[in-house]
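Asker:
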Amino acid sequence: MELEGQVALITGGTRGIGRGIAEAFVAEGANVVINGRSAEKGQQALEEMDAGDQVHFIAGDVTNQEICEGLVDQTVEHYGKIDIVVPNAGGGTAEGEEPSPLVDMTEANWQFVLNWNLNHPMWLMRRALKYMIPQEHGRIMSVSSMYGKVVIPAQAPYCTTKHALNGLTKVVAQEVGTLGITVNALCPGGILTDVMKESGPMAAEQLGMEFEEFLTWMQQPSAIKRMNTVEDCALVAVLLASEAGAGITGSLISIDGGQAPY
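Residue numbers for the sequence shown, in my numbering: 1 to 262.
This is the structure we're talking about:
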């Protein structure tokens, strides 16, 4: 198995892309800590994954710096080390907010998404590197977005933070490249996860579309003419986490069916 004996931390790991990556890592022999805000959903994920001691859940809101740093420390306390960090949690709006043009955007929404999509990965990276640098081994792969390369109207917080996360990825990759640590970002396009089903109708409305029309619209620029899947992302994550991925760093890996221009 590709990841036998490795220890991974995945935020937003109870569903969607994070859950898919967690399941793929477990299948390859890794011990995995998954994080989410809901203890109930965390317990449900553990039961559904049915992986015994290979999976551990820690509840916490990653928009809080102390919680992010604590997740890294608790992973080390539980499994003895940390090899892989996947900052996956994130989204386009705070709870109760809707996508809007910049002129109508609230300050609270901007600050929340900034913490969720950019500060949370930075906090995790910075803390994890304290452990990875001495062991001269580590894999960091943030889940960014196609919209870290292109933009969509009414999504200034989301697009801005994902562009910044891609920049952070490249900077940190340069800083630790000689230390056995790789830093990359996955940039998925439209993937029909639970999050997409929840937030997609609001984005569709901003574009004057019904949700089904919005999904069709999202697929039009795709070379493969379909939505990408959670499994597409998980397979790339396994490659990056394995020794086969040791030479891949500072990369913004598109998983979007060829939609992004670079």
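Backbone N, C-alpha and C fix where the C-beta goes; we use that ideal spot for every residue, glycine too.
Considering just the uninterrupted stretch of the beta strand (DSSP E) at L9, what are its terminal residues?
Answerer: Counting from 1 along the sequence shown, the entry for residue 9 is found at position 9. Start and end: 7-10.
Asker: Determine which residues share a DSSP beta bridge with N184 and list them.
Answerer: In the sequence shown, the residue the question calls residue 184 occupies position 184. Paired residue(s): M141.
Asker: Measuring straight from C-alpha to C-alpha, what distance separates D270 and G5?
Answerer: Lying outside 1 to 262, the shown extent of the chain, residue 270 is not represented and no answer is given.
Asker: State buried or exposed for I10, treating a residue as buried only when at least 16 other CB atoms are found within 10 Å of its CB.
Answerer: Walking along the sequence shown from the start, residue 10 turns up at place 10. It counts as buried.
Asker: Using the three-state DSSP reduction, which class does I84 fall into: helix, strand or coil?
Answerer: Walking along the sequence shown from the start, residue 84 turns up at place 84. I84 falls in the strand class under three-state DSSP.
Asker: Which parts of the segment 27-75 are runs of the alpha helix (DSSP H), unbroken and 4 residues or longer, counting only runs that do not cross its ends?
Answerer: DSSP runs (the alpha helix (DSSP H)) wholly in the segment 27-75: 39-49.
Asker: When the Cβ atoms of the segment 134-145 are set against those of the segment 83-98, are three or more pairs found closer than 8 Å?
Answerer: Yes, the segment 134-145 is in contact with the segment 83-98.
Asker: Reducing DSSP to helix, strand and coil, say where I253 ends up.
Answerer: Taking the sequence shown and counting its residues from 1, one reaches residue 253 at position 253. Of the three classes helix, strand and coil, the one that applies to I253 here is strand, per DSSP.
Asker: Ignore the nearest five residues each way along the sequence and tell me which others in V32's own chain have a CB closer than 6 Å to its CB.
Answerer: Your numbering for residue 32 matches position 32 in the sequence shown. The answer, listed in chain order, is A8, A22, F25, V26, V55.
Asker: What distance in whole Å lies between the Cβ atoms of L3 and G29, which are believed to be in contact at a cut-off of 8 Å?
Answerer: Indexing the sequence shown from 1 puts residue 29 at position 29. Indexing the sequence shown from 1 puts residue 3 at position 3. About 5 Å separates the two Cβ atoms, so the contact holds.
Asker: Are the CB atoms of R19 and A39 within a distance shorter than 8 Å?
Answerer: The sequence position of residue 39 within the sequence shown is 39, counting from 1. The sequence position of residue 19 within the sequence shown is 19, counting from 1. Their beta carbons are not under 8 Å apart, which means A39 does not touch R19 by this criterion.
Asker: The alpha helix (DSSP H) with W217 in it runs from where to where?
Answerer: Counting from one through the sequence shown, the residue named residue 217 turns up at place 217. Start and end: 211-219.
Asker: Where does M49 land, buried or exposed, given buried means 16+ other C-beta within 10 angstroms?
Answerer: By 1-based counting over the sequence shown, the position of residue 49 is 49. M49 is buried by the Cβ-count criterion.
Asker: To the nearest angstrom, how far is the alpha carbon of I133 from that of K170?
Answerer: What you label residue 133 is simply residue 133 of the sequence shown in a count that begins at 1. What you label residue 170 is simply residue 170 of the sequence shown in a count that begins at 1. In a straight line, the C-alpha of I133 is about 17 Å away from that of K170.
Asker: Rounding to the nearest angstrom, what Cα-Cα distance links T193 and G200 in this structure?
Answerer: By 1-based counting over the sequence shown, the position of residue 193 is 193. By 1-based counting over the sequence shown, the position of residue 200 is 200. About 10 Å.
Asker: Can you give the Cα-Cα distance for L114 and G247, rounded to whole angstroms?
Answerer: Here residue 114 refers to the residue found at position 114 when the sequence shown is read from its first residue. Here residue 247 refers to the residue found at position 247 when the sequence shown is read from its first residue. The straight-line gap from Cα to Cα measures roughly 30 Å.
Asker: Which term fits R226, buried or exposed, when burial requires 16 or more other beta carbons within 10 angstroms of its beta carbon?
Answerer: Along the sequence shown, read from residue 1 onward, the residue named residue 226 stands at position 226. With fewer than 16 other Cβ atoms within 10 Å, it is exposed.
Asker: State buried or exposed for I17, treating a residue as buried only when at least 16 other CB atoms are found within 10 Å of its CB.
Answerer: The residue given as residue 17 occupies position 17 in the sequence shown. Label assigned to I17: buried.
Asker: Mind checking whether G36 and V195 have CB atoms under 8 Å apart?
Answerer: For the purposes of this step, residue 36 is taken as the residue at position 36 of the sequence shown. For the purposes of this step, residue 195 is taken as the residue at position 195 of the sequence shown. In this structure, V195 does not lie closer than 8 Å to G36 by Cβ.
Asker: Between the C-alpha atoms of N117 and M1, what's the straight-line distance to the nearest angstrom?
Answerer: By one-based count along the sequence shown, residue 117 stands at place 117. By one-based count along the sequence shown, residue 1 stands at place 1. Rounded to whole angstroms, N117 to M1 spans 31 Å at the Cα level.
Asker: Thinking C-beta only, is S251 closer than 8 Å to M146?
Answerer: What you label residue 146 is simply residue 146 of the sequence shown in a count that begins at 1. What you label residue 251 is simply residue 251 of the sequence shown in a count that begins at 1. No, these two residues do not count as a Cβ contact at 8 Å.
Asker: In whole angstroms, give me the CA-to-CA distance for L129 and T249.
Answerer: Locating residue 129 in the sequence shown gives position 129, counting from the first residue. Locating residue 249 in the sequence shown gives position 249, counting from the first residue. Going by the C-alpha atoms only, they are around 15 Å apart.
Asker: May I ask you to list the residues that DSSP assigns as paired with I191?
Answerer: Start at 1 with the first residue of the sequence shown, and residue 191 comes out as number 191. Answer by DSSP bridge pairing, in chain order: N228.
Asker: For D78, collect the residues of the same chain with a Cβ closer than 7 Å to its Cβ; drop the 5 residues on either side in sequence, then sort them by chain order.
Answerer: Indexing the sequence shown from 1 puts residue 78 at position 78. Just to set this straight, residue 78 is His in the shown sequence, not Asp. Closer than 7 Å at Cβ, skipping near neighbours: V33, H56.
Asker: According to the Cβ coordinates, are W110 and P157 closer than 8 Å?
Answerer: Counting from one through the sequence shown, the residue named residue 110 turns up at place 110. Counting from one through the sequence shown, the residue named residue 157 turns up at place 157. Against a cut-off of 8 Å, the Cβ pair of P157 and W110 comes out as a contact.
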